[in-house]
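So the sequence shown is numbered by our numbering: it starts at 513 and just counts up by one.
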Amino acid sequence: MAAQTLLGLYRLAHDCGILTTYRDVGGRLVRANPDQLLAALRAFGLPIDDPAQAGQFLRERQTRRWEQMLEPVYVAWDGRLALSVRVPAFRQEQQVRIVMELEDGERLDFEADLGQLPVLSRSPDGQRVACRVRFPHLLAPGYHRLRAGIGSEPDREALVISAPVRAAPARDPTWGVFLPLYALQTGRSWGTGDFTDLKTLAEWVTDLGGTVIGTLPLLAAFLDAPFEPSPYAPVSRLFWNDLYVDPTAAPNFSACEPARELVGSAEFRAALERLRTGPLVNYREAYAVKRRVLSLLAADFFARYPDHPDFAKFLTERPDVKDYARFRAVAERFRAGWPGWPERLRSGLIKPADFDEPAWRYHLFVQWLADRQLAGIPGLYLDLPLGVHPDGYDVWRHREIFVLGTRAGAPPDMFFTAGQDWGFPPLHPERLRASGYAYFIAALRHHMRRARMLRIDHVMGLHRLYWVPPGLDARSGLYVRYPADELYAVLCLESARSGCAVVGENLGTVPPEVNPTLARHGILGMYVLQFELRADGWPRPPEANSVASLNTHDTPTFAGFWAGSDIADRADLGLVDEAAAAAEREYRAQLRAAVVAFLQETGLLSSQEADLPAVLRALLMFLGQSQAAI
């Protein structure tokens, strides 16, 4: 391939935000080849088949950009706005008029002489210039609409995000517990934990002086057909998982005779006994059992309370829940996600005859119950997953902002030598921006209205995300940049408005700009002790702006780590060979000895103690005595 053609391909990729090189977890430079770039550009939306076309595509993109007077989005940090406007060079003697329509309805007008404005750059043909305009008014926090125009030309519009630089603080240093809700079971549980169990745990922790209750994502899941229980592949990031609703806490449970009779039947009690005594969570059966009771409660509720004020208020606050319920009802009729539906339904047009009304009402009812039950739980530390199921509601309703057919993932590293393919479509950075981030805002608001803290899964995705385009495997994907400044502005604004603090999951391969950005915006990072323990020295202590823990849901339990059972698991899965496993077991033995010596030297462990419970207590004391915020 000619050098000029290859250079044009690399320049086009760069213009689209596709990284042509990056450093892997070992610091080695990885460079994309032309086939990878062509696949990524096609996934991005460019119909390019030949590298020789790259120059023409690049010129067309640049021309369209210069013809746009305004960017689609601007950020005003702490209310201060400076924006660039692109205007014809011969218009520099005229004035640009700017109208700012604030979120509260107020209007601010401003005019500036183009000839007096600094010129930032010129188009390649010299016909247009980009000028900097400083808006003279300090903007209140919010989402504002800006209009700008020159002479008799029609005004152009843009979104202005006026956001505080820092997210809501995590308040005073404190402690809490983490537990997946499906694993939290009491004597009254129906095979998994539920929101009442979670409230019981929160009250127990609060009585002990803790203030944070962390769990995995609690979002809607496919638990019948299609079946996907993973909390990181939800049907939607905008609605809750009805598996965790407590039917006995429904306001009409005591009055609904059919539901109470079912719960008291021998058949039902036998089903609960199977669910409670099984070694694993049986999601499919647990959902089927709970669905029977909740369906009876839903039918009773709509018959008994047609005008329930709290339910009516919920529908007013969340008008999109009716659309979501229609989606779920259609999916249940066809027993398939939306790609398996008839064309009209796939395209988004659903009519009343396309679904069963009891199923539609069921999903309205359980979303209201879930929201109502979560509202009573103090100290919630929720988790916003990176993606959604490709057959789910969000991709169906908002498909224009998703890159269909492409999957997000991670490049090869020492743990996953073949890379990772997570199976869900990434968001398209330019289309997301053009939409004014409405979907991202809605996902944050859904969580922050009930959470004290919110963990952003794979926070590096606000900066860049690894795409696996169609036809490529996870070893051949490419990173794509995202408009990080604007995404952080949305995050800080929603955090400040709700009072919900933010935690960024910054583990794994972290680009160098991520941690300073988290610190600048008052977003906590994560410290995991398993990753910090060393066989040749003392562990690095947690920093003040961190959530410190022994482990996470992605690591072995601490008991498993201490015993080395995770090494056997990795060998069984073929992730390491026997020689590597043996070397890892030898290193783990050295690590255990070093940790015990460290704890004894610091006085956290007596010389007579070295058993697992004593080491566990000592390491928790090490975390508790640190500067960590949580």
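Glycine is no exception: its CB is placed at the ideal position from the N, C-alpha and C atoms.
Sorted by chain position, which residues of the same chain lie with C-beta nearer than 6 Å to Ala1013's C-beta, five sequence neighbours on each side aside?
Residue mapping note: residue 1013 aligns to position 501 of the sequence shown, counting from 1. Result list for Ala1013: Ala680, Ala682, Met965, in chain order.
Return the CA-CA distance between Arg845 and Phe867, expressed in angstroms with no decimal places.
Here residue 845 refers to the residue found at position 333 when the sequence shown is read from its first residue. Here residue 867 refers to the residue found at position 355 when the sequence shown is read from its first residue. Cα to Cα, the separation comes out at about 7 Å.
For Cys528, which of helix, strand or coil comes out of DSSP?
Within the sequence shown, the letter at position 16 stands for residue 528. Coil, per DSSP.
Look at the Cβ atom of Ala771, then the Cβ atom of Leu808, and state whether they are nearer than 8 Å.
Indexing the sequence shown from 1 puts residue 771 at position 259. Indexing the sequence shown from 1 puts residue 808 at position 296. Closer than 8 Å, so yes.
Given Ala922, which residues of its chain have a CB within under 8 Å of its CB, disregarding the five upstream and five downstream residues?
Here the question's residue 922 lines up with position 410 in the sequence shown. Excluding sequence neighbours, Ala922 sits near Phe928, Gly931, Gln932, Trp934, Tyr978, Ala986, Gly1020, Thr1021.
Give the DSSP-derived three-state secondary structure of Leu658 in the structure shown.
For the purposes of this step, residue 658 is taken as residue 146 along the sequence shown, with counting starting at 1. Leu658: strand per DSSP, three-state reduction.
Which same chain residues end up closer than 6 Å to Trp589 when comparing Cβ atoms and leaving out the 5 residues on each side of it in sequence?
Indexing the sequence shown from 1 puts residue 589 at position 77. The answer, listed in chain order, is Val677.
Tell me the DSSP secondary structure of Ser633 in three-state form.
For this step, residue 633 is matched to residue 121 along the sequence shown. Looking at Ser633 - three-state DSSP - the assignment turns out to be strand.
With burial defined as no fewer than 16 other Cβ atoms inside 10 Å of the residue's Cβ, what is the status of Ala566: buried or exposed?
Counting from one through the sequence shown, the residue named residue 566 turns up at place 54. Flag for Ala566 reads buried.
Determine the DSSP secondary structure at Trp752, reduced to helix, strand or coil.
Against the sequence shown, residue 752 aligns to sequence position 240. Trp752: strand per DSSP, three-state reduction.
What number of angstroms, rounded off, separates the C-alpha of Tyr991 from the C-alpha of Asp812?
Position 479 of the sequence shown, counted from the start, is the residue given in the question as residue 991. Position 300 of the sequence shown, counted from the start, is the residue given in the question as residue 812. So the alpha carbons of these two residues sit roughly 51 Å apart.
Just checking, does the stretch 572-588 make contact with the stretch 992-1010 on the three C-beta pairs under 8 Å criterion?
Yes, the stretch 572-588 touches the stretch 992-1010.
So is Cys711 buried or exposed if we call it buried at 16+ other beta carbons inside 10 Å?
In the sequence shown, the residue the question calls residue 711 occupies position 199. Residue identity differs from the one stated: residue 711 is Lys in this sequence, not Cys. Buried is the call here.
Runs of 4 residues minimum, wholly inside the stretch 872-923: which ones carry the alpha helix (DSSP H) assignment?
Segments of the alpha helix (DSSP H) lying fully in the stretch 872-923: 905-909.
Between Phe690, Gln1102, Ile673, which lies nearest to Ser1061 when the distance is taken from Cα to Cα?
Locating residue 1061 in the sequence shown gives position 549, where the first residue counts as 1. Looking at the Cα atoms, Phe690 is the closest of the given residues.
Would you please state the rounded distance, in angstroms, between the beta carbons of Ile662 and Arg603? I believe it to be under 8 Å.
One-based indexing of the sequence shown puts residue 662 at position 150. One-based indexing of the sequence shown puts residue 603 at position 91. Indeed they touch by this definition, with Cβ atoms about 6 Å apart.
Mapping the DSSP letters down to three states, classify Thr575 as helix, strand or coil.
Within the sequence shown, the letter at position 63 stands for residue 575. The answer is helix: DSSP assigns Thr575 an H, G or I state.
Going by DSSP, which residues form a beta bridge with Asp835?
Within the sequence shown, numbered from 1, the residue matching residue 835 stands at position 323. BP columns for Asp835 are empty, so no partner.
Should Asn545 be labelled buried (16 or more other beta-carbon atoms within 10 Å of its own) or exposed?
Against the sequence shown, residue 545 aligns to sequence position 33. When all chains shown are included, Asn545 counts as exposed.
Please state whether the Cβ-Cβ distance between Ala642 and Arg598 is less than 8 Å.
Counting from one through the sequence shown, the residue named residue 642 turns up at place 130. Counting from one through the sequence shown, the residue named residue 598 turns up at place 86. Yes, the pair counts as a contact, with Cβ atoms nearer than the cut-off.
What does DSSP give as the partner residue(s) for Thr718 in the beta ladder?
Taking the first residue of the sequence shown as 1, we reach residue 718 at position 206. Note: Thr718 sits in no beta bridge, so no partner.
Contact defined as beta carbons within less than 8 Å: I believe Leu881 pairs with Val747. What is the distance between those atoms, to the nearest angstrom?
In the sequence shown, residue 881 corresponds to position 369, counting from 1. In the sequence shown, residue 747 corresponds to position 235, counting from 1. Between Val747 and Leu881 the Cβ distance is about 17 Å, and since that is not below 8 Å, they are no contact.
If you follow the beta strand (DSSP E) that Ser674 is part of, which residue opens it and which one closes it?
Reading the sequence shown from its first residue, position 162 is the one you call residue 674. Taken as a continuous stretch (DSSP letters only), the beta strand (DSSP E) holding Ser674 covers 668-675.
Considering only their Cβ atoms, is the gap separating His940 from Val900 smaller than 8 Å?
Counting from one through the sequence shown, the residue named residue 900 turns up at place 388. Counting from one through the sequence shown, the residue named residue 940 turns up at place 428. In this structure, His940 does not lie closer than 8 Å to Val900 by Cβ.
Could you round the C-beta distance between Tyr874 and Leu806 to whole angstroms and report it? I think they count as a contact, below 8 Å.
Mapped onto the sequence shown, residue 874 falls at position 362. Mapped onto the sequence shown, residue 806 falls at position 294. Their Cβ separation, rounded to whole angstroms, is 7 Å, which keeps Tyr874 and Leu806 in contact under 8 Å.
Mind listing, in chain order, the continuous alpha helix (DSSP H) runs of no fewer than 4 residues lying wholly within the stretch 547-595?
With a minimum length of 4 residues, the continuous alpha helix (DSSP H) runs that stay inside the stretch 547-595 are 566-579.
Is Pro1023 closer than 8 Å to Gly970 when the C-beta atoms are compared?
In the sequence shown, residue 970 corresponds to position 458, counting from 1. In the sequence shown, residue 1023 corresponds to position 511, counting from 1. First, the residue type needs correcting, since residue 970 is His and not Gly in the sequence shown. No, Cβ-Cβ distance for His970 and Pro1023 is not below 8 Å.
Using the C-alpha atoms, what's the distance from Ile862 back to Arg856?
Residue mapping note: residue 856 aligns to position 344 of the sequence shown, counting from 1. Residue mapping note: residue 862 aligns to position 350 of the sequence shown, counting from 1. The alpha-carbon atoms of Arg856 and Ile862 are separated by roughly 8 Å.
Using the Cα positions of Gly1049 and Glu1025, report the straight-line distance between them to the nearest angstrom.
Numbered from 1 along the sequence shown, position 537 holds the residue referred to as residue 1049. Numbered from 1 along the sequence shown, position 513 holds the residue referred to as residue 1025. The alpha-carbon atoms of Gly1049 and Glu1025 are separated by roughly 28 Å.
Under 8 Å, do Leu696 and Gly705 count as touching if we go by C-beta distance?
Here residue 696 is taken as the residue at index 184 of the sequence shown, counted from 1. Here residue 705 is taken as the residue at index 193 of the sequence shown, counted from 1. Yes. Within cutoff.
Which whole-angstrom value is the C-beta distance of Gln606 and Leu626, which I expect to be below 8 Å?
The residue labelled residue 606 in the question sits at position 94 within the sequence shown. The residue labelled residue 626 in the question sits at position 114 within the sequence shown. With a Cβ gap of about 6 Å, Gln606 and Leu626 count as contacting.
Please check the pair Phe952 and Val1002, which I expect to be a contact at CB under 8 Å, by giving their CB distance rounded to whole angstroms.
Position 440 of the sequence shown, counted from the start, is the residue given in the question as residue 952. Position 490 of the sequence shown, counted from the start, is the residue given in the question as residue 1002. Correct: roughly 6 Å between the Cβ atoms.
Consult DSSP for Val1026 and reduce its assignment to one of helix, strand or coil.
Numbered from its first residue, the sequence shown carries residue 1026 at position 514. DSSP places Val1026 in helix when its eight states are reduced to three.
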